[in-house]
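Enquirer: So for the sequence shown, the working numbering puts the first residue at 9; every next one is plus one. We treat Cβ as the ideally placed atom computed from N, Cα and C, and that holds for glycine.
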Amino acid sequence: MVDSLNKAIAAAPQSEKVASLKRMVERFSELADAQQSVAKLKSQLENTKGLERAKLLDQLIEASGKLGRMTGEDDGQQAEKWAREIVTLDAENKAGLKAKYEFRVLMNEAGNALRADNVQQALKSIEKAMAIEGLKPEQLQEAHVASAICYLSQQEFQKAIDACKKALDVLPEGPNMPLIKAIMRQAENQLQQQKGKGKDKPAAPPEKQ
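1. Among 128, 78, 192 and 189, whose alpha-carbon lies nearest the alpha-carbon of residue 219?
2. From this set, 201, 165 and 144, which residue's C-alpha is nearest residue 191's C-alpha?
3. From the beta carbon of residue 201, is the nearest beta carbon of chain C less than 8 Å away?
4. Spatial neighbours of residue 200 within its chain, please: C-beta separation below 6 Å, excluding the five flanking residues on both sides.
5. Using CA atoms only, rank isn't needed, just tell me which of 60, 104 and 113 is closest to residue 84.
6. Along the chain, where does the alpha helix (DSSP H) containing residue 66 start, and where does it finish?
7. Give me the Cα-Cα distance between residue 180 and residue 144, rounded to the nearest whole angstrom.
8. Does DSSP put residue 55 in a helix, a strand or coil?
9. Where do the N-terminal and C-terminal ends of the alpha helix (DSSP H) with residue 166 fall, by residue?
10. Helix or strand or just coil, what does DSSP make of residue 49?
11. Please name the residue, chosen from 167, 146 and 142, that lies closest to residue 131 on a Cα-to-Cα basis.
12. Identify which residue in 152, 159, 104 and 86 has its Cα closest to the Cα of residue 50.
13. In the DSSP assignment, find the unbroken alpha helix (DSSP H) run with residue 122 in it and report its ends.
14. Just verifying my parser: in three-state terms, what is the DSSP assignment at residue 142?
15. Quick check on DSSP: helix, strand or coil for residue 41?
16. Given a threshold of 16 other Cβ atoms within 10 Å of its Cβ, counted over all protein chains shown, does residue 13 qualify as buried or as exposed?
17. So, helix, strand or coil for residue 162, using DSSP?
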């Protein structure tokens with residue numbers, strides 16, 4: 009594909025379409041490089057064990073993620089398997105990879121549990137994830153947002169609001185802001201409705217003497 013585009017550019021260097029063709033060449037070249045990188049790393053995995061395998065898997069996750077973003081394909085399940093393997097291979101964190109991927113594994117577990125309507129298990133996984141030392145503010149915010157979603161699904165609106173506030177405390181900005189604001193609005197509205205219903209209830213009759 010890249011060779012064909014280059015030939016088209018060479019055949020009509022003054023064409024109005026040249027700029028567009030050059031952009032296509034760049035995109036396809038990047039895609040080809042990403043595909044080759046993933047294929048090379050996968051071939052190297054076959055005879056690699058221990059920490060060296062963990063390091064290769066780390067590179068493979070990054071390379072596959074880049075390729076997926078370019079193609080629009082989601083290989084999340086495979087990446088999750090590799091992440092679990094990394095945590096096992098680097099159990100003592102000698103390569104610094106357990107700390108990097110343990111949070112990811114636990115948050116994936118939480119997501120799977122929540123999709124299976126097992127909210128309590130999801131919250132347990134999130135709690136374990138937040139207990140990992142050295143987490144970045146972005147990770148802590150992600151965990152608090154996940155907690156808020158769990159509480160919202162259980163109609164525990166005040167807890168959902170509190171979790172959102174904690175998410176903002178650790179990081180007052182970032183890509184999760186629209187989601188945090190949406191959760192808070194929904195939880196606050198539902199909480200107000202609950203309070204309104206409580207006011208409308210008739211007073212309980214006095215106890216008989």
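Expert: So, to answer that:
1. Examination of residue 219 is not possible in this model, given that the chain is present from 9 through 217 alone.
2. In the sequence shown, counting from the first residue as 1, residue 191 sits at position 183. Looking at the Cα atoms, 165 is the closest of the given residues.
3. Any reference to chain C falls outside this structure, which holds one protein chain only.
4. The residue given as residue 200 occupies position 192 in the sequence shown. So the list is empty, once near-sequence residues are dropped.
5. Taking the first residue of the sequence shown as 1, we reach residue 84 at position 76. Selected option, being the one with the closest Cα: 113.
6. Start at 1 with the first residue of the sequence shown, and residue 66 comes out as number 58. Residue 66 -> alpha helix (DSSP H) spans 58-79.
7. Position 172 of the sequence shown, counting from 1, holds the residue named residue 180. Position 136 of the sequence shown, counting from 1, holds the residue named residue 144. Those two C-alpha atoms are separated by around 13 Å.
8. As a first step, residue 55 is located in the sequence shown; it is residue number 47 there, counting from the start. Note: residue 55 maps to coil in three-state DSSP.
9. Stepping through the sequence shown from its first residue, residue 166 is reached at position 158. Residues 165-178.
10. As a first step, residue 49 is located in the sequence shown; it is residue number 41 there, counting from the start. Correct three-state label for residue 49: helix.
11. On the sequence shown, position 123 is the one that residue 131 refers to. Taking only the C-alpha atoms, the option nearest residue 131 is 167.
12. Counting from one through the sequence shown, the residue named residue 50 turns up at place 42. Here the closest residue by C-alpha is 86.
13. As a working note, residue 122 is residue 114 in the sequence shown. DSSP places residue 122 in the uninterrupted alpha helix (DSSP H) bounded by 106-123.
14. As a first step, residue 142 is located in the sequence shown; it is residue number 134 there, counting from the start. Residue 142: coil per DSSP, three-state reduction.
15. For the purposes of this step, residue 41 is taken as the residue at position 33 of the sequence shown. In the structure shown, residue 41 sits in a helix (DSSP, three-state: H, G or I).
16. One-based indexing of the sequence shown puts residue 13 at position 5. For residue 13, the predicted structure reports a pLDDT of 40, less than 50, and the residue's modelled location is therefore unreliable. The matter cannot be settled from this model.
17. In the sequence shown, residue 162 corresponds to position 154, counting from 1. Residue 162 falls in the coil class under three-state DSSP.
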